[in-house]
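Q:
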Amino acid sequence: MNPIEILRISWEAIGRNKVRSILTMLGIIIGVAAVIIMVAISAGTEATIQENITGLGSNLIFVSSNFSRGGPPGMMTASSSGGLVFDDATAIAEEVDGVSAVVVEQSSSQTVKAGKTSLEGVSIQGTTPGFPAVRDMEMATGRYFNDEEVDRKTKVAVLGSTLAEELFGAANPVGQVIGVGSIKLTVIGVLAEKGTVGEIDYDSRLYTPITVVFEKFTDSMFARIRGDAVRMVYVKVSDTETIDSIILQIKLLLAKRHKTTLDDLDVTITTQQDVITAQGSTTSAFRSLLGWVAGVSLLVGGIGIMNIMLVSVTERTREIGIRQAVGATPSDILLQFMTEALLLSVVGGILGMLAGFGGSWIFSQASAMRTVVSPASILLAFGSAAVVGVFFGFYPASKAAQLEPIEALRYE
Amino acid sequence: MEHPVVIETRDLSKIYGVGDTRVAAVDGISIRIERGEFIAVMGPSGSGKSTLMYILGCLATPSSGKYFLDGEDASDMNRRELAFIRSRKIGFIFQSYNLLARTTALRNVTLPLLYNRSLRADAKTSETRGRELLEQVGLGDRLHHQPHELSGGQQQRVAIARSLINDPVMIIADEPTGNLDSHSGEEVMRILQDLHRKGVTIVMVTHNPRIAAEATRAIHLSDGRVADIVRNELHEGH
């Protein structure tokens, strides 16, 4: 039997019951559309996150204090207490090979005032001049502070873009004096927009020389005993290939400086790659959930197809008898009904795909969330729709093929 | 190579049920039908004429005995082989026409070509051939009408055209005029007579003696056996 003829016959049979056929396809349409939309959303989110993370500076090693282990520093001797100090960063820069830049960060939370505007709980980041370069941040206006200003503890501030807007609106903040906690800082620059990464909004922070934070916003008692504590040291390496050996060198150096062993080291070292991997594992968990959702809707859709095909076989018993009488073999009949089931699911798959594209687009327009329709998700959704058609079409089709011609012809 | 004997059965039986409910619908029938004959199979309901027709039409196989159709042993064929032999050698005309609904006359007529593995007709040849046959039965102007747009007589003529498209060695007609008014019935019989004159072998099942009188021979069945065979002298001249 001619395959084109089989397709034509099946297409006509489906077309005869348009409403029923579309209702039958609905399960597949929803399943396929759901797969494409949800994969598009998760892929879009993942792509955005990944771009942001890599955008925040590549080849980075994050060395952060282990607060859980150090305990209250004042109660212990300097040698056994936890936490990073400013001199550790200097030591890393001087003693570890392959390091291109080291930046430190110590934070505080203060109320910031500009004119009549007052903002509570603004994150104050004490950093060093290398910070914008290491984190791939750029200036919008003005400049970042320099080494001299850090050494002299000059009271200057650089604002994140959101913070600048909240404090000064459209006006140029450069040269303005703002109140931070109990002191006054002069604004010397505003950073370009960076975005939120890993729950940190880089644009709503205030950046100031780290020495200002040490002097004005941290308890100097402890600092005198064991040096100025820092929350985080960013180490930029010149070659990613050597990143593992650099991590080891940093660990050994810090273990020596903190007079402890590698196992008891009071700092945590992570890399950009670790952050991306962690992010990837959350999305993959999300994806496997989506996979289940899609699987269930395709299963339900498939049962719908089987149900309608069984009805169709019963309704068309007479037709099957006629076809058999004029020479159709059992396999001709099987093929015809299989084709019909497959056509139902594939057409459902195509409609679902269109609905998926449309839905993804609408979603991205409505929520400003990025969606990425991946060819793999289309292939997956479409392929599973076809598999569903074959799998659930087989039973009704074989029932049709096994009808006895005499009984089928007598069927009223 | 044409076989002079189209149908030969030897002690053909068809038994339904088991044990106490065993019923022999066809009980040891041996007949011979030659090429070009117009046979009427007669008998009251329950006489086994339908069962015999199904076996002769290769829609069923006998429980015992032998059936040769055009020299081929069709007694033990499986469903696939039966479909093949129906496709190559048999054309059916049913009492209730059995046309595909919502399908044009032309498509109904060409339907058997879809399943014919020996002719392998392409779409164009099929259409030409279907057109010719419909013109032959006087429906050249109804090619694209669907069954519900045609009268009973016209539907039966479409069915006759369909039965001819595979060049069968024999046409089996089951009460072809049973659902028709006398005028349409006569027209259908006239077409069958025409075919008979052209040399087509026809086996017609009927319980109407007037219709049966138009055949060359009438085989009377009773309780699954051949009760009588009447040669109709009137038609010997044809």
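So the sequences go chain by chain: A and B.
Using the numbering used here, the first residue of the first sequence is number 43, and each one after it goes up by one.
Using the numbering used here, the first residue of the second sequence is number 5, and each one after it goes up by one.
Glycine residues also receive a C-beta, built at the ideal position from the N, C-alpha and C atoms.
Here the structure is a predicted model, which means the values were calculated and not measured.
Quick one: list the residues of chain B neighbouring Glu-361 of chain A, beta-carbon separation under 8 angstroms, in chain order.
A: In chain order: Leu-104, Ala-105.
Q: What is the DSSP secondary structure of Asp-129 of chain A, counted as helix, strand or coil?
A: Asp-129 of chain A falls in the helix class under three-state DSSP.
Q: Residues in the region 371-384 of chain A with C-beta within 9 angstroms of chain B's C-beta atoms, listed in sequence order?
A: Residues passing the 9 angstroms Cβ filter: Thr-371, Pro-372, Ser-373, Asp-374.
Q: With distance defined between alpha-carbon atoms, name the residue in A:Ser-323, A:Ser-165, A:Glu-93 nearest to Lys-236 of chain A.
A: The residue with the shortest Cα to Cα distance from Lys-236 of chain A is A:Glu-93.
Q: Establish whether the CB of Arg-84 of chain B and some CB of chain A are separated by less than 8 angstroms.
A: True, the Cβ-Cβ gap to chain A drops below 8 angstroms.
Q: One question on the structure: do Ile-175 of chain B and Val-141 of chain B come within less than 8 angstroms of each other, judged by their Cβ atoms?
A: Contact: no.
Q: Output the residue ranges of the alpha helix (DSSP H) runs that lie fully inside the region 257-307 of chain A and measure 4 residues or longer, sorted by chain position.
A: DSSP runs (the alpha helix (DSSP H)) wholly in the region 257-307 of chain A: 262-268, 285-299.
Q: For Pro-45 of chain A, would you say it is in contact with chain B, using Cβ-to-Cβ distances shorter than 8 angstroms as the test?
A: Judged by the 8 angstroms Cβ criterion, Pro-45 of chain A is not in contact with chain B.
Q: Three or more C-beta pairs under 8 angstroms: does that hold for the region 385-395 of chain A against the region 420-427 of chain A?
A: Segments in contact, yes.
Q: Name the chain B residues whose beta carbon is nearer than 7 angstroms to that of Leu-451 of chain A?
A: Chain B residues near Leu-451 of chain A: Asn-102.
Q: Give the straight-line distance between the Cα atoms of Thr-169 of chain A and Val-144 of chain A, rounded to the nearest whole angstrom.
A: Roughly 11 angstroms between the two C-alpha positions.
Q: In terms of residue numbering, what span does the alpha helix (DSSP H) encompassing Arg-50 of chain A cover?
A: 45-58 is the span of the alpha helix (DSSP H), which, as asked, contains Arg-50 of chain A.
Q: Ser-91 of chain B touches chain A at which residues, Cβ-Cβ below 9 angstroms?
A: Correct list: Val-368, Gly-369, Ala-370, Thr-371.
Q: Rounded to whole angstroms, what's the CA-CA distance from Ser-123 of chain A to His-300 of chain A? Just pull it up for me.
A: Residue confidence for Ser-123 of chain A is low, a pLDDT of 43 falling below 50, so the modelled location carries little weight and cannot support an answer.
Q: Could you tell me which uninterrupted beta strand (DSSP E) segments, each at least 3 residues in length, are contained entirely in the region 23-102 of chain B, listed from first to last along the chain?
A: Fully enclosed beta strand (DSSP E) runs of 3 or longer: 27-33, 36-38, 42-46, 68-73, 94-97.
Q: Name the one or two DSSP bridge partners that Tyr-249 of chain A has.
A: Paired residue(s): A:Gln-167, A:Val-200.
Q: For Ala-199 of chain A, which residues of its own chain have a beta-carbon under 8 angstroms away from its beta-carbon, when the five flanking residues on both sides are left out?
A: Within the same chain, Ala-199 of chain A has close Cβ partners Ile-220, Val-222, Leu-227, Thr-228, Val-229, Ile-230, Leu-248, Tyr-249, Thr-250.
Q: Taking 8 angstroms as the cut-off, decide whether the C-beta atoms of Ile-288 of chain A and Val-105 of chain A are in contact.
A: Going by C-beta atoms, Ile-288 of chain A is not nearer than 8 angstroms to Val-105 of chain A.
Q: Under the rule that 16 or more other beta-carbon atoms within 10 Å means buried, what is Arg-161 of chain B, buried or exposed?
A: The residue in question, Arg-161 of chain B, is buried, as its Cβ has 16 or more Cβ neighbours within 10 Å.
Q: Could you pull the start and end residues of the beta strand (DSSP E) that Gln-148 of chain A belongs to?
A: Residues 141-156.
Q: What does Ala-28 of chain B touch in chain A if you count any residue whose Cβ is under 9 angstroms from its own?
A: The contacting residues do not exist; Ala-28 of chain B stays about 17 angstroms from chain A at best.
Q: According to DSSP, simplified to helix, strand and coil, what is Thr-319 of chain A?
A: It is helical.
Q: Between Ile-223 of chain B and Ile-43 of chain B, is the Cβ-Cβ spacing less than 8 angstroms?
A: Cβ distance < 8 angstroms, so Ile-223 of chain B and Ile-43 of chain B count as in contact.
Q: Measure from the alpha carbon of Met-67 of chain A to the alpha carbon of each residue in A:Val-389, A:Ser-440, A:Pro-417, then state which is nearest.
A: Nearest option by C-alpha distance: A:Val-389.
Q: Ignoring anything shorter than 4 residues or poking outside the region 124-188 of chain B, list the alpha helix (DSSP H) runs there in chain order.
A: Counting whole runs of 4 or more residues, the region 124-188 of chain B contains the alpha helix (DSSP H) stretches 127-140, 156-168.
Q: Determine contact between the region 70-85 of chain A and the region 335-347 of chain A, defined as no fewer than three beta-carbon pairs at a distance below 8 angstroms.
A: In short, these stretches touch, since the Cβ pair count reaches three.
Q: Measuring alpha carbon to alpha carbon, tell me which residue in A:Asp-286, A:Thr-413, A:Ile-362, A:Phe-434 is nearest Arg-452 of chain A.
A: The shortest C-alpha separation from Arg-452 of chain A is found at A:Ile-362.
Q: May I ask which residues mark the beginning and end of the alpha helix (DSSP H) holding Asp-232 of chain B?
A: It is not in any alpha helix (DSSP H) - Asp-232 of chain B instead sits in the beta strand (DSSP E) that spans 229-235.
Q: State the DSSP-derived secondary structure class of Thr-13 of chain B, mapped to helix, strand or coil.
A: Strand, per DSSP.
Q: Under the rule that 16 or more other beta-carbon atoms within 10 Å means buried, what is Ser-280 of chain A, buried or exposed?
A: Label assigned to Ser-280 of chain A: exposed.
Q: Can you give me the C-alpha to C-alpha distance between Thr-114 of chain B and Gly-52 of chain B, rounded to a whole angstrom?
A: Those two C-alpha atoms are separated by around 31 angstroms.
Q: CB Arg-14 of chain B to CB Lys-93 of chain B, shorter than 8 angstroms?
A: No; because the gap between Cβ atoms is not below 8 angstroms, this pair is not in contact.
Q: Find the nearest neighbour of Thr-159 of chain A within the set A:Glu-207, A:Gly-73, A:Glu-137, A:Val-138, judged by alpha-carbon distance.
A: Of A:Glu-207, A:Gly-73, A:Glu-137, A:Val-138, the residue nearest in Cα terms is A:Glu-207.
Q: Less than 8 angstroms between the CB atoms is what I'm expecting for Ile-2 of chain B and Ile-11 of chain B, so what's the real figure, rounded?
A: With chain B covering 5 to 242 only, the question about residue 2 of chain B has no answer from this structure.
Q: In the DSSP assignment, the beta strand (DSSP E) including Ser-107 of chain A goes from what residue to what residue?
A: Start and end: 102-107.
Q: Gly-228 of chain B to His-148 of chain B, Cα distance in whole Å?
A: The straight-line gap from Cα to Cα measures roughly 42 angstroms.
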